[in-house]
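Below is one structure, written out as structure tokens; comments come after it.
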Amino acid sequence: MYRISLSNTIRLSTKRQFSTTSSNLVNYGFVGLGQMGQHMARHIYNNLETDDQLYVYDTIPKSVDDFVLNVTETNTTNRDKLTKLPNLKSFVTDVDGQLDFIVTMVPEGKHVKGVVEDIITSFKENGYSPEYKTTIIDSSTIDIPTSQEIHKYVKETIPEFDFIDAPVSGGVAGARKGTLSFMLSRDNHQDISPALTVLLNKMGKNIFPCGSTHGTGLAAKLSNNYLLAITNIAVADSFQLAKTFGLNLQNYAKLVSVSTGKSWASVDNCPIEGVYPDANLPADVGFKGGFITKLTRKDVVLATDSAKKFNRFLFLGDVGRHWYDKACERKDIADRDLGVLYEWLGDLKQNENGDIIDVKGGQK
Ligand code: NAD
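Position one of the sequence shown corresponds to residue 42 (this note's numbering), numbered consecutively onward.
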């Protein structure tokens, strides 16, 4: 059942007047209950204060139903504070008080753009109180120009509102555990409002202000994920080389973990099975789950495209992108954790003409 919609005038004059007796009242919206969003929204739900409300929506109704069932079964206390909405316009028309924050966690820039345009249009059509500023927090990983365009659109349409890029690192495991790191286009912690800090702390552990210009959060995210993607290729190379030399790979992995080759890709996501049996790494479960190769490719594409737009030549940009493009031609590689590139490299052989042959996939 959807909550009965009140007229905007009534909503603003009733709930907000009572808000003087409850300084904690915050209305949250969440759009996109996929792999990441379902966990982030769950943490918001579990950490709602007495008078807070959470409104959720996804284009896939089953994702919303599953989310609501899952969180309300595990935590019955906040059941009445959660409402599923039928569409994006209802984030304005079907809520009990203007939303303070709307978090978006959707795949690409075009999705974020569509979501924000629908919500802002609904505000324009149905009214809003500039006194209660609505801030849209976009945690999706998207390209910087689209995010800047959306920011400009929001500021030009309703200047009192805000749209902030706040991408995350930590992956699905971090989202599940509530340990995500947020990267924000803000100069320092003082520039992040206390209410926003409270919201981000419900879902994550670290908040990194990355700069005053809109898009710096995404710039930090793309720079980091480019580094991850490239070190991941180097780790695959290094471990296949060690294998060719006949080294004991578990011993080699332990050596790397205390040597100069140490990185997240070589240690925390070590591609060799059984090195860290208690850590439940993707390598121990056939690289299932984790941060899948096609999402890594997406970030490499965003990073290298942005580099071109900003006239920044990268040593390994084209090479890295080439190999992630090729890796994603094989579905079994594309859909598994990026550590699988080590395994995939084992399938690649160079013939006498210098061509690279994928023994399980075809010519590369
Ligand atoms: P996902 O595909 O699992 O989830 C996206 C959700 O958004 C889906 O449920 C989809 O139905 C919904 N959606 C799409 N368009 C929508 C719209 N117009 N309105 C409402 N809902 C809509 O993706 P994910 O893995 O959760 O990732 C989301 C974003 O976070 C992506 O930008 C991704 O790059 C980024 N990210 C992912 C990870 C990760 O490890 N999966 C880590 C960091 C960042």
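Ideal placement from N, C-alpha and C gives every residue a C-beta, glycine not left out.
- prompt: Is any heavy atom of the ligand NAD found at a distance shorter than 8 Å from the C-beta of residue 249?
  reply: no
task: Identify the continuous alpha helix (DSSP H) that holds residue 130 and give its terminal residues.
output: Element bounds for residue 130: n/a, residue is neither H nor E.
message: Can you confirm whether the segment 73-82 touches the segment 164-172 when touching is taken to mean that 3 or more C-beta pairs between the two stretches lie within less than 8 Å?
response: no
field: DSSP state of residue 210 mapped onto helix, strand, coil
entry: strand
Own chain, CB closer than 6 Å to residue 112, minus 5 neighbours either side, in chain order: 83, 86
query: When DSSP builds the beta bridges, which residues end up paired with residue 250?
result: 225
- request: Measure the alpha-carbon distance for residue 368 versus residue 216 and round it to whole angstroms.
  value: 26 Å
message: Contact between the segment 363-381 and the segment 323-337 is defined here as three or more beta-carbon pairs at a separation below 8 Å; is this criterion met?
response: yes
Span of the beta strand (DSSP E), counted from its first residue to its last, around residue 145: 142-145
task: Whole angstroms is fine: what's the gap from residue 178's alpha carbon to residue 394's?
output: 52 Å
query: What are the partner residues of residue 256, as DSSP defines its beta bridges?
result: None; residue 256 has no bridge partner.
- request: Label residue 429 either buried or exposed according to how many other C-beta atoms from any shown protein chain fall within 10 Å of its C-beta, with 16 as the threshold for buried.
  value: A query on residue 429 cannot be resolved here, the shown segment of the chain reaching from 42 to 405 and no further.
- request: Below 6 Å CB to CB, which residues in the same chain sit around residue 386 once its five sequence neighbours on both sides are set aside?
  value: 277, 281
query: Just to confirm, are residue 129 and residue 106 a CB contact at a threshold of 9 Å?
result: no
query: Can you list, in chain order, the residues of its chain whose CB lies under 6 Å from that of residue 375, leaving out five sequence neighbours each side?
result: 334, 335, 369
message: When you measure from the CB of residue 98 to every non-hydrogen atom of the ligand NAD, does any distance come out below 8 Å?
response: yes
Residue 374 in three-state terms, based on DSSP: helix
query: Going by DSSP, which residues form a beta bridge with residue 72?
result: 98, 145
- prompt: Does the ligand NAD have a heavy atom nearer than 8 Å to the CB of residue 203?
  reply: no
- prompt: Hey, out of 358, 176, 96, whose CA is closest to residue 269's CA?
  reply: 358
Distance between residue 314 and residue 218 (C-alpha atoms, nearest Å): 24 Å
message: Is any non-hydrogen atom of the ligand NAD found closer than 8 Å to the C-beta of residue 41, if you look at the structure I gave you?
response: Outside the displayed span of the chain (42 to 405) sits residue 41, for which this structure offers no information.
message: Between residue 73 and the ligand MG, is there a pair consisting of the residue's CB and a ligand heavy atom that are separated by less than 8 Å?
response: Because the ligand MG does not appear in the structure shown, any question about it cannot be addressed here, the ligands present being the ligand NAD.
- prompt: Would the segment 181-197 and the segment 341-350 be scored as touching if the rule is three or more Cβ pairs under 8 Å?
  reply: yes
- request: Give the C-beta separation of residue 247 and residue 222 to the nearest angstrom, bearing in mind that I take them to be a contact with Cβ-Cβ under 8 Å.
  value: 4 Å
message: When you compare the CB positions of residue 379 and residue 310, do they come within less than 9 Å of one another, or not?
response: yes
Proximity to residue 235 [Cα-Cα], best of 320, 142, 114, 297: 142
message: Going by beta-carbon coordinates alone, are residue 152 and residue 131 separated by less than 9 Å?
response: no
field: Contact set for residue 294: own chain, Cβ-Cβ below 6 Å, skip 5 residues either direction
entry: 311, 313, 316
- request: With DSSP collapsed to three states, give me the class of residue 396.
  value: coil
task: Buried or exposed for residue 230, please, with buried defined as at least 16 other CB atoms from any protein chain shown within 10 angstroms of its CB.
output: exposed
query: So, helix, strand or coil for residue 391, using DSSP?
result: strand
message: My output table needs one value for residue 272: the three-state DSSP class, helix, strand or coil.
response: helix
- prompt: With a CB to CB cut of under 8 Å and the five nearest residues on each side skipped, what residues in its chain are close to residue 195?
  reply: 157, 161, 177, 202, 203, 204
message: Quick check: residue 272 and residue 304, are their CB atoms within less than 9 Å of each other?
response: yes
query: Short check: CB of residue 307 to CB of residue 297, under 9 Å?
result: yes
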